[in-house]
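Numbering (the numbering used here), first residue to last: 999 to 1264.
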Ligand SMILES: C[S@@+](CC[C@H](N)C(=O)[O-])C[C@H]1O[C@@H](n2cnc3c(N)ncnc32)[C@H](O)[C@@H]1O
């Protein structure tokens, strides 16, 4: 059934056979039109080695900015099911404009039958969502904490996060791009993400904009470039620990900070 609400994101097919959404509010696709599943696997799970950690039995908390379709949650389930993991993973996410359950029902993950079987799980999450914090046990090995609200307008968000001592070792920074959603690419946002992370946390984003990298540097993240997904030249990977970036091409954070402070990015 198609959605007739004009503000509701529209379902679009991407080139790997999986669907994404197009937001008329932000005038942007949720994923690379060349492949939603392929892009998410590359940027958030393979480049960062989050896939490897999910398959291990280490304690793990993930934080995502922009729950969107829920694809990253479903990909976590996929990596966990291929593992011998016994310790649950916590997946924390924040979403200002949740989609309707019906839109979730119209999603498809192409040829990946396990992912497709999770569509009703996603629909159920969106169906029961309330403003503020929502918690769900997706299965015994994956707990979801999904905050319905704007990340930057929720000053107690990091306090709550820190209070439960469940710091994130992976940050999946996935809001829309800085040109259409500048509020989520500021030093303040990256400082908040820094506060809720472990000392060796990794932050990944598809975005390669110098202004975004400079905002991360101002917030004290070490920053590096990595190969982008599906024909995109670059993405960005950052960490609190320089050691975690040894296999990537590091950027000059001091130069980025200087440029930011000089006002090079408006
Ligand atoms: C690129 S999409 C996320 C894609 C998602 N991770 C997925 O796999 O489907 C960006 C998401 O960020 C959300 N968003 C935009 N601004 C936000 C804000 N200020 N606070 C929280 N969420 C926001 C949008 O509503 C959208 O769902």
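We put the CB at the ideal spot given by N, CA and C, even for glycine.
Using the C-alpha atoms, what's the distance from residue 1068 back to residue 1102?
9 Å
Which residues in the same chain have their Cβ closer than 7 Å to the Cβ of residue 1020, if we skip the five residues on either side of it in sequence?
1007, 1008, 1010, 1027
Excluding sequence positions up to five away, which residues of its chain have a Cβ less than 7 Å from the Cβ of residue 999?
Low confidence applies to residue 999: its pLDDT is 43, below 50, so where it sits in the model is not reliable, and the reading given next is rough at best. Around residue 999: 1100.
Ligand 1 heavy atom lying under 6 Å from the CB of residue 1204
no
Could you tell me whether any non-hydrogen atom of ligand 1 is closer than 6 Å to the CB of residue 1067?
yes
Cut-off 7 Å between Cβ atoms - residues of its own chain near residue 1178, not counting five sequence neighbours on either side
1024, 1025, 1026
Straight-line gap, residue 1066 to residue 1182 (C-alpha atoms, nearest Å):
Approximately 15 Å, taken between the alpha carbons.
Quick one: is residue 1064 buried, meaning 16 or more other Cβ sit within 10 Å of its Cβ, or exposed?
Burial call: buried.
Can you give me the C-alpha to C-alpha distance between residue 1108 and residue 1253, rounded to a whole angstrom?
43 Å
Where residue 1068 falls: helix, strand or coil (DSSP)
If DSSP states are grouped into helix, strand and coil, residue 1068 belongs with coil.
Secondary structure, beta strand (DSSP E): runs of 3+ residues fully inside the segment 1099-1168
DSSP runs (the beta strand (DSSP E)) wholly in the segment 1099-1168: 1130-1137, 1140-1146.
Member of 1211, 1165, 1082 whose CA lies at the smallest distance from the CA of residue 1055
1082
Where does the unbroken beta strand (DSSP E) through residue 1039 begin, and where does it stop?
From DSSP, residue 1039 is part of no beta strand (DSSP E); its letter is neither H nor E.
Can you give the Cα-Cα distance for residue 1039 and residue 1073, rounded to whole angstroms?
Taking the Cα positions, residue 1039 is about 8 Å away from residue 1073.
Between residue 1294 and residue 1014, what straight-line distance do the alpha-carbon atoms span, to the nearest angstrom?
Nothing can be reported for residue 1294: it is not among the residues displayed for the chain, which extend from 999 to 1264.
Residues that DSSP places opposite residue 1011 in a beta bridge
1017
Any chance the CB of residue 1172 is under 6 Å from a heavy atom of ligand 1?
yes
Tell me which same chain residues have a C-beta within less than 6 Å of the C-beta of residue 1133, skipping the five on either side of it?
1143
Do the CB positions of residue 1167 and residue 1196 come within less than 7 Å of each other?
yes
For residue 1061, which of 1076, 1079, 1049, 1092 has the nearest alpha-carbon?
Per the C-alpha coordinates, the member of 1076, 1079, 1049, 1092 positioned closest to residue 1061 is 1092.
Hey, could you find the ends of the beta strand (DSSP E) residue 1238 is sitting in?
Segment: none, residue 1238 is in no beta strand (DSSP E) and carries neither H nor E.
Specify the secondary structure class of residue 1172 as computed by DSSP and reduced to three states.
coil
Our contact map puts residue 1090 next to residue 1059 with C-beta atoms below 8 Å; I'd like the distance itself, whole angstroms only.
7 Å
Any heavy atom of ligand 1 within a distance shorter than 6 Å of the CB on residue 1149?
yes
Quick one, are the C-beta atoms of residue 1042 and residue 1244 less than 7 Å apart?
Against a cut-off of 7 Å, the Cβ pair of residue 1244 and residue 1042 comes out as no contact.
Cα-Cα separation, residue 1001 to residue 1149:
For residue 1001, the pLDDT reaches just 49, beneath the cut-off of 50, and the residue's location in the model is therefore unreliable, although a value from the coordinates is still provided. Rounded to whole angstroms, residue 1001 to residue 1149 spans 27 Å at the Cα level.
Compute every distance between the C-beta of residue 1092 and the non-hydrogen atoms of ligand 1, then say whether any falls below 6 Å.
yes
Let me know if residue 1251 comes out buried or exposed under the rule of 16 or more other beta-carbons within 10 Å of its beta-carbon.
buried
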